[in-house]
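Per our numbering, the very first residue in the sequence shown carries number 137; after that it's consecutive.
Cβ coordinates follow ideal geometry from the N, Cα and C atoms, glycine included.
Remember, it's a predicted structure, so these values are computed and weren't measured experimentally.
Below: one structure, written as structure tokens.
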Amino acid sequence: MNSDTFLETKAVTKKFGDFTAVRDVSVKFKRGELTAIIGPNGAGKSTYFNLLTGAFTPTSGEIVFNGIDIAGQPQHRYTHLGIAKSFQITTVFPYLSVFENVRLAAQARVVTFDLFRPRTAYREVSEKADEILRRVNLIGQRERIAAKLSHGEQRSLEIGMALAADPTLLLLDEPTAGMSPEETRDMIDLIVTLSADRTVILVEHKMKLVMSICKKIIVLHQGGLLAEGAPDDVRHNDTVKRVYLGQKAV
Ligand SMILES: Nc1ncnc2c1ncn2[C@@H]1O[C@H](COP(=O)(O)OP(=O)(O)OP(=O)(O)O)[C@@H](O)[C@H]1O
Ligand SMILES: [Mg+2]
């Protein structure tokens with residue numbers, strides 16, 4: 137493995153019965169590089185994402201993280217290794233405040249080694265939660281009930297909860313899905329900011345959106361790797377253009 141390769145999939149394949157959703161995908165992800173996985177509907181993006189996060193076990197192939205094959209390991213092991221994904225909305229506690237949601241996520245991380253000094257631990261966890269809320273631009277919504285947030289704010293809250301685990305690798309599946317143009321811009325700004333301190337890999341349907349912010353683009357099509365490279369290379373790739381022809385790549 138190349139020294140700056142952080143994560144690598146080697147001929148990774150995922151089948152659902154007879155159907156192959158991801159086929160022989162070999163990709164190297166570099167440390168600190170903001171990478172987007174794009175492709176048309178049904179290309180296998182979410183399936184590949186679920187393989188990277190450990191939610192799915194590959195049918196064959198390897199997922200190598202910092203030199204170790206982690207395919208098939210339990211989810212808590214991924215968290216322990218520093219891999220986090222944006223939580224699904226259903227895991228946000230809707231009737232707790234924004235602050236409590238992040239505080240609980242942060243507490244899950246800190247409580248074990250602060251067991252004997254609960255008061256200090258509470259303060260540390262609270263401070264950490266506030267720091268995260270500032271990062272994800274929700275400090276102004278601190279006391280609001282999570283259920284009352286806008287869709288965009290809820291997605292930011294999920295990211296805040298994922299950040300509570302101090303991940304070195306943050307994985308986001310369509311973070312701008314269902315967002316207004318303004319919410320989308322804010323989310324993109326947030327992703328760029330977060331990528332300064334950690335490796336971020338995102339799945340995104342909107343091709344143009346990621347071209348401007350990502351260093352590397354992975355294009356999946358019908359489960360296979362169609363192209364990979366810098367945004368400009370991918371943009372001018374004839375096969376990619378053909379696949380996206382007739383689609384509004386926004
Ligand atoms: N659990 C499953 N069981 C059977 N088939 C599945 C399952 N999950 C996904 N598929 C199939 O695998 C293919 C790839 O699906 P996937 O969700 O990975 O695509 P995607 O690129 O994320 O699409 P979208 O842009 O719509 O989110 C699709 O044909 C889908 O129907
Ligand atoms: Mg998907």
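Query, Result
"For GLU279 versus PHE235, is the C-beta distance shorter than 8 Å?", "yes"
"According to the neighbour-count rule (16 or more other Cβ atoms, all chains shown, within 10 Å of its Cβ), is LYS284 buried or exposed?", "exposed"
"Any beta-carbon of chain D closer than 8 Å to the one on ALA363?", "The structure shown contains no chain D; it is built from a single protein chain."
"Thinking ALA179 and GLN358 are a contact (beta carbons under 8 Å), I'd like their distance in whole angstroms, please.", "7 Å"
"Per DSSP, what kind of secondary structure is ASP140 in: helix, strand or coil?", "coil"
"Identify the continuous alpha helix (DSSP H) that holds PHE185 and give its terminal residues.", "181 to 189"
"Tell me the rounded alpha-carbon separation between LYS146 and ASN186.", "15 Å"
"Nearest-angstrom Cα distance between ALA385 and ASP325?", "Annotation note: pLDDT 47 at ALA385 (below 50); position unreliable, no value reported."
"Mind checking whether the beta-carbon of LYS166 lies closer than 7 Å to any heavy atom of ligand 1?", "no"
"Just the Cα atoms here: how many angstroms apart are GLY168 and ILE337?", "10 Å"
"For THR335 and PHE152, I'd like the C-alpha separation in whole angstroms.", "29 Å"
"Between ALA220 and the rest of its own chain, which residues show a CB-CB distance below 6 Å, the 5 nearest in sequence each way excluded?", "ALA298, ALA301, PRO303 and LEU306"
"For GLY208 and PRO194, what's the separation of their Cα atoms in angstroms?", "7 Å"
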